[in-house]
């Protein structure tokens, strides 16, 4: 481990920091020279800066999308209810030393990473915070806010998020299937019938979907037109042209 | 080879402002005037135009989008259209991360910066020699660089890379050591470290008086000792001096940016001025002002004392 990797670990992992301050340095796996450099670090100041980092990860609002407790209110409340005696930063300390946080990158210059929202969702999943339904709902809403405010977000977006002509959308598979979309700066959310969910599936052939669901050509046309109006599918004439081109 | 900004003589007093998005005094976010410069900011700059010859704005991220100049330029254009003209405009960067030891791909960042420079006529770019982020994770306050041999080599490499990639000179700024927000790795003296980076890269530099005092305070100096070792700084390469409001709180030195200058800051300025033959600008950073554009009454004495010192020097 290099000195900057170790320093990052000391600032973000409470477990590593506590061990280091207690003189147990094995967790850092650094050379004697690097260890000598790290021993110049003032322990009280290290704790203080680490506390600021933990506070920031919970309280900071990111580009008008809200702080983590605002984006994940039920998940955070579930953690607090399960740990009534924990300090106000306990959740942040646990999140900061999680594998998911390690994959988060706010700044892409040292490699593009997960958004903070997705990192926190993955952490909540791994820790089983609250219910799966609440976690999923809050994550999808947070993700839509992220791409509505940042349509060119410099993060790795989850594969379930689809790019559409007017923005981004995703369809959750929990029953009932639900559409979450960010079109321009507008957020759209609502349940879908199985036919409409399949119509929005990646690579779906509309005629084939209509046949499987025994939906008339008129309903299919209106459905495609409606999704096109929302900016979720290409305009119907474009699709027809594409189909013709593919056929030829 | 030292690449100083080209200016004619001493420019005098400058003003530097942090320009957050959606917060006063910066750029508006949302609504019908999304991206416009705040009225209070424009009023202040207009009101105080006779006092300031130069302007710098601190770059704050507007969003989490991939950086694109088009997202930033219109707001600065609005500001420059409504505010009075200046002899020189500069950009204070916040993303160059000059103290980083990790691999850090700055190509897109430099392209973005050069686009801002070209479209907004910035004459130089200033950046603290510090750690603004660690492995892609931002920090609450920029930390000092690693005061080690490897940290020095990394800082020299980073500054060279940025100097080569920028279309205008980079001014390297001595970093802050504000207590409670700073933690330091390494044993090298920060003045020596900074001088070596400036000497080895041939960079012009910025001496932030509060940052210098914060370092001396951090290492235990008090009283006259706060002004010691100025000969270890690269004063001949100093192009700009910054003064932002600082405070002593519970025996701690805080880089508060609240507009009120400590007597020690003005004393440090008086001692630095004769040591810096290539100094062109002394900048009052982050002044506080009312919505009507008047200086916050609590800061008036600081501002007037600073203006008096700079006027004497520039004459």
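Chains as they are written, first to last, in this note's numbering: chain P, 4 to 251; chain Y, 1269 to 1583.
All C-beta atoms, glycine included, are put in the ideal place defined by N, C-alpha and C.
Would you give the residue range spanned by the alpha helix (DSSP H) that residue i belongs to?
{"i": "residue 1378 of chain Y", "result": "1375-1388"}
{"i": "residue 1356 of chain Y", "result": "Looking at the DSSP string, residue 1356 of chain Y is not in any alpha helix (DSSP H); the run it does join, the beta strand (DSSP E), is 1356-1360."}
{"i": "residue 1433 of chain Y", "result": "1417-1433"}
{"i": "residue 1579 of chain Y", "result": "1568-1582"}
{"i": "residue 229 of chain P", "result": "220-233"}
{"i": "residue 51 of chain P", "result": "46-62"}
{"i": "residue 1340 of chain Y", "result": "1337-1350"}
{"i": "residue 103 of chain P", "result": "102-105"}
{"i": "residue 23 of chain P", "result": "17-24"}
{"i": "residue 82 of chain P", "result": "76-85"}
{"i": "residue 210 of chain P", "result": "209-215"}
{"i": "residue 39 of chain P", "result": "35-41"}
{"i": "residue 112 of chain P", "result": "Residue 112 of chain P -> no alpha helix (DSSP H), and no H or E assigned at all."}
{"i": "residue 198 of chain P", "result": "197-202"}
How about residue i: is its C-beta nearer than 8 Å to some C-beta of chain P?
{"i": "residue 1418 of chain Y", "result": "yes"}
{"i": "residue 1404 of chain Y", "result": "yes"}
{"i": "residue 1286 of chain Y", "result": "no"}
{"i": "residue 1483 of chain Y", "result": "no"}
{"i": "residue 1414 of chain Y", "result": "yes"}
{"i": "residue 1408 of chain Y", "result": "yes"}
{"i": "residue 1471 of chain Y", "result": "no"}
{"i": "residue 1435 of chain Y", "result": "no"}
{"i": "residue 1272 of chain Y", "result": "no"}
{"i": "residue 1326 of chain Y", "result": "no"}
{"i": "residue 1496 of chain Y", "result": "no"}
{"i": "residue 1401 of chain Y", "result": "yes"}
In terms of DSSP beta bridges, what is residue i paired with?
{"i": "residue 191 of chain P", "result": "P:184"}
{"i": "residue 1473 of chain Y", "result": "Y:1440, Y:1506"}
{"i": "residue 167 of chain P", "result": "P:170"}
{"i": "residue 144 of chain P", "result": "According to DSSP, which records beta bridges pairwise, residue 144 of chain P is partnered with nothing at all."}
{"i": "residue 1522 of chain Y", "result": "Y:1515"}
{"i": "residue 1553 of chain Y", "result": "Y:1284, Y:1512"}
{"i": "residue 1401 of chain Y", "result": "Y:1406"}
{"i": "residue 1454 of chain Y", "result": "Y:1415"}
{"i": "residue 1372 of chain Y", "result": "Its beta-bridge partners do not exist; DSSP assigns none."}
{"i": "residue 156 of chain P", "result": "Y:1333"}
{"i": "residue 1295 of chain Y", "result": "Y:1289, Y:1305"}
{"i": "residue 117 of chain P", "result": "P:107, P:159"}
{"i": "residue 1313 of chain Y", "result": "Residue 1313 of chain Y pairs with nothing; no bridge assigned."}
Within the 8 Å Cβ cut-off, does residue i reach chain Y?
{"i": "residue 113 of chain P", "result": "yes"}
{"i": "residue 251 of chain P", "result": "Residue placement at residue 251 of chain P is poorly supported in this model, since its pLDDT is 49, which falls under 50; the coordinates are not used for a value here."}
{"i": "residue 20 of chain P", "result": "no"}
{"i": "residue 120 of chain P", "result": "no"}
{"i": "residue 40 of chain P", "result": "yes"}
{"i": "residue 97 of chain P", "result": "no"}
{"i": "residue 116 of chain P", "result": "yes"}
{"i": "residue 23 of chain P", "result": "no"}
{"i": "residue 231 of chain P", "result": "no"}
What does residue i reach in chain P if we use C-beta pairs closer than 7 Å?
{"i": "residue 1334 of chain Y", "result": "155, 157"}
{"i": "residue 1377 of chain Y", "result": "112"}
At what residues does the beta strand (DSSP E) containing residue i begin and finish?
{"i": "residue 175 of chain P", "result": "170-175"}
{"i": "residue 1394 of chain Y", "result": "1393-1396"}
{"i": "residue 1517 of chain Y", "result": "1515-1517"}
{"i": "residue 1325 of chain Y", "result": "1322-1326"}
Which chain P residues are close to residue i, counting only those with a beta carbon under 9 Å from its beta carbon?
{"i": "residue 1425 of chain Y", "result": "Simply none; closest approach about 14 Å."}
{"i": "residue 1570 of chain Y", "result": "Going along chain P, no residue has its Cβ under 9 Å from residue 1570 of chain Y, so there is no contact; the nearest lies around 27 Å."}
List, in chain order, every chain P residue whose beta-carbon is nearer than 8 Å to that of residue i.
{"i": "residue 1508 of chain Y", "result": "Ordered by position in chain P, no residue passes the 8 Å Cβ test against residue 1508 of chain Y, which lies about 25 Å from the chain."}
Taking C-beta pairs closer than 8 Å, name the residues in chain Y that residue i reaches, listed in chain order.
{"i": "residue 183 of chain P", "result": "Those do not exist, as residue 183 of chain P stays about 18 Å from chain Y at its closest Cβ, beyond 8 Å."}
Which residues of chain Y have a Cβ atom closer than 7 Å to the Cβ of residue i, listed in chain order?
{"i": "residue 152 of chain P", "result": "1331"}
{"i": "residue 108 of chain P", "result": "1404"}
### chain P contacts from the stretch 1445-1468 of chain Y (Cβ-Cβ distance under 9 Å)
Correct list: 1447, 1448, 1449, 1450, 1451, 1452, 1453, 1454, 1455.
### Task
Could you run through the stretch 1296-1320 of chain Y and flag, in chain order, every residue whose CB is less than 9 Å away from some CB of chain P?
From the stretch 1296-1320 of chain Y, only 1297, 1298 have a Cβ closer than 9 Å to chain P.
### Query
What residues in the stretch 42-69 of chain P bring their beta carbon closer than 7 Å to a beta carbon of chain Y?
From the stretch 42-69 of chain P, only 43, 44, 45, 48, 49, 51, 52, 55, 56, 59, 65, 66, 67 have a Cβ closer than 7 Å to chain Y.
### Cβ-based contacts, 8 Å cut-off: residues of the stretch 4-16 of chain P near chain Y
Going along the stretch 4-16 of chain P in chain order, one finds 5, 6, 7, 8, 10, 11, 14, 15 with a Cβ nearer than 8 Å to chain Y.
### Task
Check distances from the C-beta atoms of the stretch 174-205 of chain P to those of chain Y and list, in chain order, the residues that come in under 7 Å.
Close to chain Y, meaning a Cβ-Cβ distance shorter than 7 Å, is no residue of the stretch 174-205 of chain P at all.
### Query
When Cβ atoms are compared, which residues of the stretch 1368-1393 of chain Y fall closer than 8 Å to chain P?
When C-beta distances to chain P are compared with 8 Å, the residues of the stretch 1368-1393 of chain Y below that value are 1368, 1369, 1370, 1371, 1372, 1373, 1374, 1376, 1377, in chain order.
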